[in-house]
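Numbering (the UniProt record's numbering), first residue to last: 1 to 104.
Comments concern the structure below.
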């Protein structure tokens, strides 16, 4: 069986300031507790799973049961790497630093 890498996929998420979590299509990421909360399609319940934070790259690595796209079977020996890049809207940052007034 050959190892393979899936193509890189870019997805946007929403940061929740109150909970310090990031809501994505993969689930709710909690980088401070190194966990992800996902909806299990079999049980229809939320499950929180542990992730590993790579201190050098800042990537979150999740080892879990992922669907292999080639075989359409769930495999427990696959992993997914999530790299989080925070891109702030420039106007929103200027507005908050300016006390709500638009910067000129």
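We put the CB at the ideal spot given by N, CA and C, even for glycine.
Under 8 Å by Cβ, that's how I've got residue i and residue j pegged, so tell me the actual separation to the nearest angstrom.
i	j	result
residue 35	residue 50	6 Å
Give a yes or no on whether the C-beta atoms belonging to residue i and residue j are separated by under 8 Å.
i	j	result
residue 28	residue 11	no
Report all residues from its chain with a CB closer than 6 Å to the CB of residue i; omit the five preceding and five following residues, and keep chain order.
i	result
residue 30	21
residue 32	20
residue 40	47
Can you list, in chain order, the residues of its chain with a C-beta nearer than 7 Å to that of residue i? Leave out the 5 residues immediately preceding and following it.
i	result
residue 91	Summary for residue 91: the model assigns pLDDT 48, below 50, so the residue's position carries little reliability; its value from the coordinates is reported in the next sentence. There are no such residues.
Considering only the alpha carbon of each residue, which of the options lies closest to residue i?
i	options	result
residue 42	9, 8, 7, 74	74
residue 47	38, 63, 16	38
Whole alpha helix (DSSP H) elements within the segment 13–45, 4-residue minimum: none
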